[in-house]
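2 protein chains.
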Amino acid sequence: MKTAKDKEVTEKLENVGKTILSQIEKGQNPTFRLPLRTLSNVYFDEKTGTIKLGDKMADRQFLNIAHSRKFMQTMLVAAEIKKVIQEEATISIRDLYYALKHTIEGTQENTFEEQSESDPCIEDIECSLDLLREELHLAASAKGIIAGDVLIKDGKDTIDLTKMGSGGWSVPSNVEPDRIEFKKVNAEYVLFIEKDAVWRRFNEDQFWKKQNCIIMTGRGQPGRGERRLAQRLNKEFGLPIYVLTDADPWGMYIYSVIKQGSIALSYSEEKLATPQAKFLGLLTQDVEKYNIPKEVTIKLNNLDVKRLKEMENYKWFQKKEWKEEFKNMKEKGYKLELEALSKKGIRFITEKYVPEKIKNKEFLP
Amino acid sequence: MKTAKDKEVTEKLENVGKTILSQIEKGQNPTFRLPLRTLSNVYFDEKTGTIKLGDKMADRQFLNIAHSRKFMQTMLVAAEIKKVIQEEATISIRDLYYALKHTIEGTQENTFEEQSESDPCIEDIECSLDLLREELHLAASAKGIIAGDVLIKDGKDTIDLTKMGSGGWSVPSNVEPDRIEFKKVNAEYVLFIEKDAVWRRFNEDQFWKKQNCIIMTGRGQPGRGERRLAQRLNKEFGLPIYVLTDADPWGMYIYSVIKQGSIALSYSEEKLATPQAKFLGLLTQDVEKYNIPKEVTIKLNNLDVKRLKEMENYKWFQKKEWKEEFKNMKEKGYKLELEALSKKGIRFITEKYVPEKIKNKEFLP
Numbered sequence: 008m009k010t011a012k013d014k015e016v017t018e019k020l021e022n023v024g025k026t027i028l029s030q031i032e033k034g035q036n037p038t039f040r041l042p043l044r045t046l047s048n049v050y051f052d053e054k055t056g057t058i059k060l061g062d063k064m065a066d067r068q069f070l071n072i073a074h075s076r077k078f079m080q081t082m083l084v085a086a087e088i089k090k091v092i093q094e095e096a097t098i099s100i101r102d103l104y105y106a107l108k109h110t111i112e113g114t115q116e117n118t119f120e121e122q123s124e125s126d127p128c129i130e131d132i133e134c135s136l137d138l139l140r141e142e143l144h145l146a147a148s149a150k151g152i153i154a155g156d157v158l159i160k161d162g163k164d165t166i167d168l169t170k171m172g173s174g175g176w177s178v179p180s181n182v183e184p185d186r187i188e189f190k191k192v193n194a195e196y197v198l199f200i201e202k203d204a205v206w207r208r209f210n211e212d213q214f215w216k217k218q219n220c221i222i223m224t225g226r227g228q229p230g231r232g233e234r235r236l237a238q239r240l241n242k243e244f245g246l247p248i249y250v251l252t253d254a255d256p257w258g259m260y261i262y263s264v265i266k267q268g269s270i271a272l273s274y275s276e277e278k279l280a281t282p283q284a285k286f287l288g289l290l291t292q293d294v295e296k297y298n299i300p301k302e303v304t305i306k307l308n309n310l311d312v313k314r315l316k317e318m319e320n321y322k323w324f325q326k327k328e329w330k331e332e333f334k335n336m337k338e339k340g341y342k343l344e345l346e347a348l349s350k351k352g353i354r355f356i357t358e359k360y361v362p363e364k365i366k367n368k369e370f371l372p
Numbered sequence: 008m009k010t011a012k013d014k015e016v017t018e019k020l021e022n023v024g025k026t027i028l029s030q031i032e033k034g035q036n037p038t039f040r041l042p043l044r045t046l047s048n049v050y051f052d053e054k055t056g057t058i059k060l061g062d063k064m065a066d067r068q069f070l071n072i073a074h075s076r077k078f079m080q081t082m083l084v085a086a087e088i089k090k091v092i093q094e095e096a097t098i099s100i101r102d103l104y105y106a107l108k109h110t111i112e113g114t115q116e117n118t119f120e121e122q123s124e125s126d127p128c129i130e131d132i133e134c135s136l137d138l139l140r141e142e143l144h145l146a147a148s149a150k151g152i153i154a155g156d157v158l159i160k161d162g163k164d165t166i167d168l169t170k171m172g173s174g175g176w177s178v179p180s181n182v183e184p185d186r187i188e189f190k191k192v193n194a195e196y197v198l199f200i201e202k203d204a205v206w207r208r209f210n211e212d213q214f215w216k217k218q219n220c221i222i223m224t225g226r227g228q229p230g231r232g233e234r235r236l237a238q239r240l241n242k243e244f245g246l247p248i249y250v251l252t253d254a255d256p257w258g259m260y261i262y263s264v265i266k267q268g269s270i271a272l273s274y275s276e277e278k279l280a281t282p283q284a285k286f287l288g289l290l291t292q293d294v295e296k297y298n299i300p301k302e303v304t305i306k307l308n309n310l311d312v313k314r315l316k317e318m319e320n321y322k323w324f325q326k327k328e329w330k331e332e333f334k335n336m337k338e339k340g341y342k343l344e345l346e347a348l349s350k351k352g353i354r355f356i357t358e359k360y361v362p363e364k365i366k367n368k369e370f371l372p
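From first to last, the protein sequence lines are chains A and B. Counting from 8, one number per residue, gives the positions in the first sequence under this note's numbering. Counting from 8, one number per residue, gives the positions in the second sequence under this note's numbering.
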């Protein structure tokens, strides 16, 4: 069943074609105008608190030998997406690449050699039409899990996220409002957990029930679906998002992506990032605060130190609380995994560490 | 709530301790007897069709300087597992490592330096007591998804796998009968799909409904939970398991693990492997059969060729159908991804390729 969104997207795609067609009819050089997606056009917007794409534009022209291959590819991708929406299907970006790959008749030339050629075309269409790839019926990989007192309508199914047993509901790639509707949300906050294994500890203890919250994991760096879902829960229901990761530069970067977004997806971050997200832990400062034995800390390696230096330079980490934590991590020379809290007892993390931090509002901004 | 299985496991663990204690009381050298888990003691059992551990045994002795560290570690792990079961919790193997890591009083010596020291102790306990690690309340990573006309009882929750929307139910790590009970299974077979993105295509098309089957994915090499679930569906309900992977040595090895098991887990394969599983595809032979354009095939690289050679030597691949396929792959010099079928149309895989193969019983053994 085509949604209103599908009709809007189809129209936008058709307009791209119509514009090109009218240029041809007028004897003009067929030109596709799109935002410039280079680092020089990416910035951190202090006002919204998200990474954004600037307003520099570029023209992709058919009659420019440096552009014509990319022009052809962009048009092929746009046409295929329209077809996919018409067929009421969702495909992966790898499917799209294969569906379009062929040797152009009468030549030895392939339309695409690698998926690395079709992916940027998708991104170009996303940002020039101001659409998410999910709205283009393209599925990103989704690997998250969620549980809590939430009732979701997904197609014909009504899904009760309190009744997912030990498994949890697998978050789909597309959680746009025309696909995923929240029928009920009874929770005070969302706990966004870096690791799958830790999420399972929280789920086994029915933390979401005891603390009246929603527990989510993105299994490492979260996918678009998980991030969009967190944003929707924050925007539509005013739920705070608390992020729980390892105390290392990689965990803290996961937080940074949930909150501010990433440079690679700058053009979509207004729809994916949650600037209100807060960092619950772990911190290397927790080692002394909670009297965690040094044996379970891990010495920073060269890669950690290098990444930490990069993080210190990010504009959005220029806050005194983060400067303190980064300083402590460097001085102590160690990092700490969430599982290390098991040293303090199997349920230390679910019964003491997280509830106390939330009760005392001990967050990093 | 402790299950009968929990009581049985606790008793087995206590018996380990009691045996050691009685040896000490008699002034004997404390000794833990366990199956030898080296390659020389692993074999392929033609009768059961699974990889197995042989009957060579080894003794781990406290008063042997080469054994004493490992002896101490094994006892620590056994004791902690008993504690975890008592606390009615499930923890990850990383949690276990951290929970047990400490500097031994009066020394500079740590009980464990790396998780690579505690993991083998878990395996030793598993195979010496003939238990799965799930029965020891240890969670392995589980990343699979499932959908179909199945009603599952998981703790207090009854979960209807027809009503999981676009997400699916996330398969937990522990699917033992005392945790996961099948209340209803209405399906003719299980389709076990290598890739998440492909599973989503099948789920979107409600393939499980149209074909009256269960669709599962292990997202690459499946975890223990997914394999055990497939085995249970096969054993308890007689459902055939059809495996769908890329046509490359890696996909075919995934099939091999589902069917025969792996060398690393040889001691558990009787409980994890499904010797009745059949290989549905892809095959490189499908390229000609289904007239798939050569542009979407991928040239074999050196690693592929090396892996293929290893596979050709496995005992369980000594069947004429597999020899033919391996020969074809080598001669053509290409491999093929599941997504490449999108070249034949978005729904070619769900509406033609898989249904036809099943209808015509075109499987590899």
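In this text, a Cβ means the ideal position worked out from N, Cα and C, and glycines have one as well.
Contacts with chain A at 7 Å (Cβ-Cβ) include K350 (chain B). Distance between L371 (chain B) and E332 (chain B), taken at the CA atoms: about 9 Å. Taking E183 (chain B) as the centre and dropping the five residues before and after it, the same chain places the C-beta of K12, L139, E141, E142 and R235 closer than 8 Å to its C-beta, in chain order.
In the structure shown, R44 (chain A) falls within a coil segment according to DSSP collapsed to helix, strand and coil. For a Cβ distance threshold of 7 Å, nothing in chain B lies close to T10 (chain A): the least Cβ distance comes to about 14 Å. Sequence-distant Cβ neighbours of P362 (chain A) in its own chain, meaning closer than 7 Å and more than five residues away, are Q218.
When the beta-carbon positions are compared, W323 (chain B) and F78 (chain B) stay at least 7 Å from each other. Listed as beta-bridge partners of M223 (chain A) by DSSP are A:I153 and A:F199.
DSSP assignment within the segment 262–292 of chain A yields the following whole beta strand (DSSP E) runs of 3 residues or more, N-terminal first: 285–288. For D161 (chain A), the secondary structure class from DSSP, reduced to helix, strand or coil, is strand. In chain A, no part has a C-beta under 9 Å from the C-beta of P42 (chain B); the shortest such distance is about 27 Å.
Comparing C-alpha distances from K191 (chain B) to each of B:I159, B:V84, B:R208 and B:D62 shows the shortest one belongs to B:I159.
L287 (chain A) is not a Cβ neighbour of K342 (chain A), given a cutoff of 7 Å. The beta carbon of L240 (chain A) is closer than 6 Å to those of V197 and L246 in its chain, skipping five residues each way along the sequence. Here N71 (chain B) carries a coil assignment [DSSP, helix/strand/coil]. Using a Cβ-Cβ cut-off of 7 Å, R140 (chain A) does not count as an interface residue toward chain B, since no Cβ of chain B sits closer than that to its own.
Beyond the five residues adjoining it in sequence on each side, D311 (chain A) comes within less than 7 Å, by CB distance, of D255, P256 and K342 in the same chain, given in chain order.
Chain-order list of chain A residues neighbouring M259 (chain B): empty, with the shortest C-beta distance near 19 Å, by a criterion of under 7 Å. Taking 7 Å as the cut-off, the beta carbon of T281 (chain A) is found closer than this to the beta carbon of I248 (chain A). At least 7 Å separates the beta-carbon of E233 (chain A) from that of G155 (chain A).
Relative to the Cα of K19 (chain B), the nearest Cα in the group B:A106, B:M336, B:A73 and B:I132 belongs to B:I132. For K316 (chain A), no Cβ of chain B is located within less than 7 Å of the residue's own Cβ. Against chain B, the CB of T110 (chain A) has a partner CB under 7 Å away; the residue lies at that interface.
Taking 7 Å as the CB threshold, P184 (chain A) stays off the interface with chain B.
Interface residue (Cβ-Cβ distance to chain B less than 7 Å): V361 (chain A) is not classified as such. For the C-beta of S148 (chain A), the chain B residues within less than 7 Å are, from N- to C-terminus, D203 and A204. Between G162 (chain B) and chain A, the shortest Cβ-Cβ separation is below 7 Å. Between the segment 349–365 of chain A and the segment 36–48 of chain B there are fewer than three C-beta pairs closer than 8 Å, too few to call the two in contact. Annotation for F69 (chain B): P37, S75 and F78 place their beta carbon closer than 6 Å to its own, counting only its chain and skipping 5 residues before and after.
Within the same chain, V197, F199, M223, I248, I265 and T281 come within 7 Å of A237 (chain A) by CB-CB distance, once the 5 residues on both sides are set aside. Chain-ordered, the chain A residues with CB closer than 8 Å to the CB of A347 (chain B) read Y105.
For A96 (chain A), the residues of chain B that pass the 9 Å Cβ criterion are R208, E211, D212, I353 and R354, in the order they occur in the chain. Contact check for T17 (chain B) and I92 (chain B): beta-carbon distance about 6 Å, within the 8 Å limit, so the pair qualifies. Within chain B, the residues placing a beta-carbon under 9 Å from that of G172 (chain A) are I159, K160, D161, G162, K163, D164, T165, I166, W176, P179, R186 and I187, ordered along the chain.
In terms of Cβ geometry, I129 (chain A) and D161 (chain A) do not form a close pair [threshold 7 Å]. Non-local C-beta neighbours of K63 (chain B) in its own chain, meaning closer than 6 Å and more than five positions away in sequence, comprise L43 and N48, ordered along the chain.
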